[in-house]
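Below is one structure, written out as structure tokens; the observations come after it.
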Amino acid sequence: MATRTTTQHVTTATAQSGTQKPTHPTPGALVVERTGPLALVQDAGRFGCRHLGVTQGGALDWISLGWANWLLGNAPDAAGIEIAIGGLALKAERTLRLAIAGADLGATRDGEPLAANGSFTLERGQVLAFDQPRAGLRAYLALPGGLEAAPFMGSLSTVAREQLGGLDGRGGALRVGDRLMAASPAPQGDEQARELPSSLPPMPADDTVLELVTGAQIAHFDGASLFAAFNRPWQVDSRADRMGVRLTGPVLRCQSGGMVSEGIPLGAVQVPPDGQPIILLNDRQTIGGYPRLGALSPIACARLGQCAPGTTIRLSPVTPHQARTRYLRQLALWR
Amino acid sequence: MSQSLSPRLETVGMDALIVRLFDAIDEAHMPWILAADNALREGLGEALIDLVPSYTTLLVHYDIEQLSQLEARRLIQQALHGLKPASTAAGREHRIPVWYDDSVGPELARIAERLGVDSDEIVRRHTSRDYCAFALGFSPGYAFMGMIEEALATPRLKTPRQKVAAGSVGIAERQTAIYSMRSPGGWNILGRTAVKLFDRDRDEISLFRPGDRVRFEPISREAFIEQGGDTTPLEER
Numbered sequence: 000m001a002t003r004t005t006t007q008h009v010t011t012a013t014a015q016s017g018t019q020k021p022t023h024p025t026p027g028a029l030v031v032e033r034t035g036p037l038a039l040v041q042d043a044g045r046f047g048c049r050h051l052g053v054t055q056g057g058a059l060d061w062i063s064l065g066w067a068n069w070l071l072g073n074a075p076d077a078a079g080i081e082i083a084i085g086g087l088a089l090k091a092e093r094t095l096r097l098a099i100a101g102a103d104l105g106a107t108r109d110g111e112p113l114a115a116n117g118s119f120t121l122e123r124g125q126v127l128a129f130d131q132p133r134a135g136l137r138a139y140l141a142l143p144g145g146l147e148a149a150p151f152m153g154s155l156s157t158v159a160r161e162q163l164g165g166l167d168g169r170g171g172a173l174r175v176g177d178r179l180m181a182a183s184p185a186p187q188g189d190e191q192a193r194e195l196p197s198s199l200p201p202m203p204a205d206d207t208v209l210e211l212v213t214g215a216q217i218a219h220f221d222g223a224s225l226f227a228a229f230n231r232p233w234q235v236d237s238r239a240d241r242m243g244v245r246l247t248g249p250v251l252r253c254q255s256g257g258m259v260s261e262g263i264p265l266g267a268v269q270v271p272p273d274g275q276p277i278i279l280l281n282d283r284q285t286i287g288g289y290p291r292l293g294a295l296s297p298i299a300c301a302r303l304g305q306c307a308p309g310t311t312i313r314l315s316p317v318t319p320h321q322a323r324t325r326y327l328r329q330l331a332l333w334r
Numbered sequence: 000m001s002q003s004l005s006p007r008l009e010t011v012g013m014d015a016l017i018v019r020l021f022d023a024i025d026e027a028h029m030p031w032i033l034a035a036d037n038a039l040r041e042g043l044g045e046a047l048i049d050l051v052p053s054y055t056t057l058l059v060h061y062d063i064e065q066l067s068q069l070e071a072r073r074l075i076q077q078a079l080h081g082l083k084p085a086s087t088a089a090g091r092e093h094r095i096p097v098w099y100d101d102s103v104g105p106e107l108a109r110i111a112e113r114l115g116v117d118s119d120e121i122v123r124r125h126t127s128r129d130y131c132a133f134a135l136g137f138s139p140g141y142a143f144m145g146m147i148e149e150a151l152a153t154p155r156l157k158t159p160r161q162k163v164a165a166g167s168v169g170i171a172e173r174q175t176a177i178y179s180m181r182s183p184g185g186w187n188i189l190g191r192t193a194v195k196l197f198d199r200d201r202d203e204i205s206l207f208r209p210g211d212r213v214r215f216e217p218i219s220r221e222a223f224i225e226q227g228g229d230t231t232p233l234e235e236r
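Going down the list, the protein sequences come from chains A and B.
With numbering that gives the first Met the number 0, the residue at position 89 of the first sequence is 88, and numbering never jumps.
With numbering that gives the first Met the number 0, the residue at position 140 of the second sequence is 139, and numbering never jumps.
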């Protein structure tokens, strides 16, 4: 995401907290008691290294990570945990304030239900557990000051395929026994009472509209295909992961087949010869050679990251200017 | 080759533009791509988030908080104005020792048989020229290089392997590459190098950068082991 400036800010802040406030031998905050399908350390992603074949990574639903962080007064792109599908259980080694946002995974504190979006105190010895999706796919957990660990190329983002990032620095998911450290003992300032605005959109359901910035290569597609692309419903396929999400629907025809490989932006909607689009997300390969309709806006990418297989979506064309206006408005909510 | 270019700028996303310089793959294009890479890094400065050069294009990912797309286009056009190709010495040179052997390079014999020559002849041809790193991708530090001589050109495997060992040296069509980490892959494997392409403990994390020149050198099994190479046969992985 384009929040590189704040990423640098966070990196600096973390470095300073190491020198200015020499914390007591950082006490563990949370211990992993049980893991689910996939719980990953994520922040805004890794930037400035894509020419070396290193992908972007980062939270798929960066908006929900941003809100979870906002609830604790963190920078919106501070590192947290992306919990896909659920199954994770964490025990507090000391009493601390936490926040969750994004998918409703049936979170509980010592068995008592918690709101899917909000901050709460987890007393020492209490267990925060995530069950399974009720709405959306990925919940985000924020810790005071952000999760602390050693970044690689400026980011903690976990990319399994590249064996980079995460707590182990090798792209591993959270494992039983892992200890999560918070960068600060408590939320900064008087942020404890923050609540999410009630106007936020719910997790995407059927007929979710995803905005697509049309790209120059759209001219390679025939008219009927373009009409279908923006007027017919698409279904999110089960072949979906952090690299990309496949859509099924009308077959799109393109005059150019394979092209010379070139850099791929976040959200690129590429169409391989079978005519079924693949939307390339944070862990995508850095270059590729299929023709593209354009790229989903970053806000649409975040929404797509919450769409369960089978969800129907619609694509809506927007200009870069329209997408930028909405993106900047989102960032402004956190200032 | 003309000495001036008119780059085309294409919208590819909210905060990304493709600078298209050429339409086809050619080593002669790399000095231009490198020159554009330098010019864009300088011209966009702090507003540049990522710049991904490839065979014929550069992807510019700019900071949407600093620039509108119109402003980005203007900066890019300014940066590329009067572009001159970089000198051929702009890329660095690497010599990569490779143990060419059937055990770690199962396609060596197959390609030799197709051409009616012995494996040594395939090795001689693969090591007889400098290759240009056109682009990095697929996995961190993995460079797409070329061009290998036309007679060696071989299509990708019909069924990609589930696991290709790190350091495996392969060819596909007229390109050659080294697997930077263990991964699935469909290239024809000829041998293996002990050189690490991507090493987080090294100052230069990625050995290759786009525009570098690479020459392969055949070495013996003993030399390969001495360099720390893993002799586990490819198909056993």
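The beta-carbon is built from N, C-alpha and C at its ideal position, and this holds for glycine as well.
Nothing here was measured: the structure is a model prediction, and the numbers come from that model.
Asked	Found
Closest residue to A114 (chain A) among A:V126, A:A98 and A:G124 (Cα-Cα distance)	A:A98
Proximity to I298 (chain A) [Cα-Cα], best of A:T310, A:P200, A:L87 and A:E194	A:P200
Candidates B:G42, B:E9 and B:L233: closest to V163 (chain B) by CA position	B:L233
I84 (chain A) - DSSP class collapsed to helix/strand/coil	coil
Residue-chain proximity (F151 (chain A), chain B), Cβ-Cβ < 8 Å	yes
Local Cβ density within 10 Å of E261 (chain A), reported as buried at 16 or more and exposed below that	buried
Counted within 10 angstroms of its Cβ, other Cβ atoms place D230 (chain A) as buried (16 or more) or exposed	Residue identity differs from the one stated: residue 230 (chain A) is Asn in this sequence, not Asp. Looking at its Cβ environment, which holds fewer than 16 other Cβ atoms inside 10 Å, N230 (chain A) is exposed.
Any non-hydrogen atom of the ligand MG closer than 7 Å to G145 (chain A) Cβ	No copy of the ligand MG occurs in the structure displayed, which carries no ligand at all.
CB contact below 8 Å: S260 (chain A) versus chain B	yes
Residue closest to Q305 (chain A), alpha-carbon to alpha-carbon, out of A:E81, A:A74 and A:L29	A:E81
Spatial distance of R93 (chain A) from G27 (chain A) (CA atoms)	8 Å
Per DSSP, cross-strand counterpart(s) of S154 (chain A)	A:F151
T231 (chain B) vs P96 (chain B) beta-carbon contact at 8 Å	no
Test: I170 (chain B) CB closer than 8 Å to a CB of chain A	no
Interface flag, P338 (chain A) vs chain B, CB-CB below 8 Å	No answer is possible for residue 338 (chain A): the residues shown for chain A start at 0 and end at 334.
Beta-carbon neighbours of Q284 (chain A), restricted to chain B and to distances below 9 Å	G136, F137 and S138
Beta carbon of A247 (chain B) nearer than 8 Å to that of Y61 (chain B)	What the structure shows of chain B is the stretch from 0 to 236, and residue 247 (chain B) is not part of that stretch, so it cannot be assessed.
Beta-ladder partner(s) of S315 (chain A), from DSSP	A:E210
F46 (chain A) at chain B interface by Cβ criterion, 8 Å	yes
Reduced DSSP secondary structure (H/G/I, E/B, other) of N73 (chain A)	coil
G12 (chain B): first and last residue of the uninterrupted beta strand (DSSP E) it sits in	R7 to G12
Short CB-CB distance (under 8 Å) between L327 (chain A) and chain B	yes
Chain A contacts from the stretch 39–66 of chain B (Cβ-Cβ distance under 9 Å)	E45, L47, I48, D49, L50, V51, P52, S53, Y54, T55, T56, L57, L58, V59, H60, Y61, D62, I63, E64 and Q65
Minimum Cβ-Cβ distance from I32 (chain B) to chain A less than 8 Å	no
Any chain B beta carbon closer than 8 Å to L113 (chain A)	no
CB contact below 8 Å: Q162 (chain A) versus chain B	yes
DSSP-derived helix/strand/coil call for M0 (chain B)	Legend: pLDDT at M0 (chain B) = 48, less than 50; position of this residue unreliable, no value from coordinates given.
W98 (chain B) - DSSP class collapsed to helix/strand/coil	strand
Beta-carbon neighbours of P319 (chain A), restricted to chain B and to distances below 7 Å	T10, M13 and Q68
Buried or exposed (CB count within 10 angstroms, at least 16 for buried), V213 (chain B)	buried
Simplified DSSP state of C253 (chain A), which is helix, strand or coil	strand
Span separating the alpha-carbon of T18 (chain A) from that of F197 (chain B)	Legend: pLDDT at T18 (chain A) = 36, less than 50; position of this residue unreliable, no value from coordinates given.
C-beta neighbour in chain B for V244 (chain A), strict 8 Å	no
Local Cβ density within 10 Å of S205 (chain B), reported as buried at 16 or more and exposed below that	buried
Euclidean distance between Cα positions of P24 (chain A) and A182 (chain A)	Only weak support exists for where P24 (chain A) lies, its pLDDT of 42 falling under 50; the coordinates are left without a value.
Segment contact, 8 Å Cβ cut-off, at least three pairs: the stretch 305–318 of chain A with the stretch 21–34 of chain B	no
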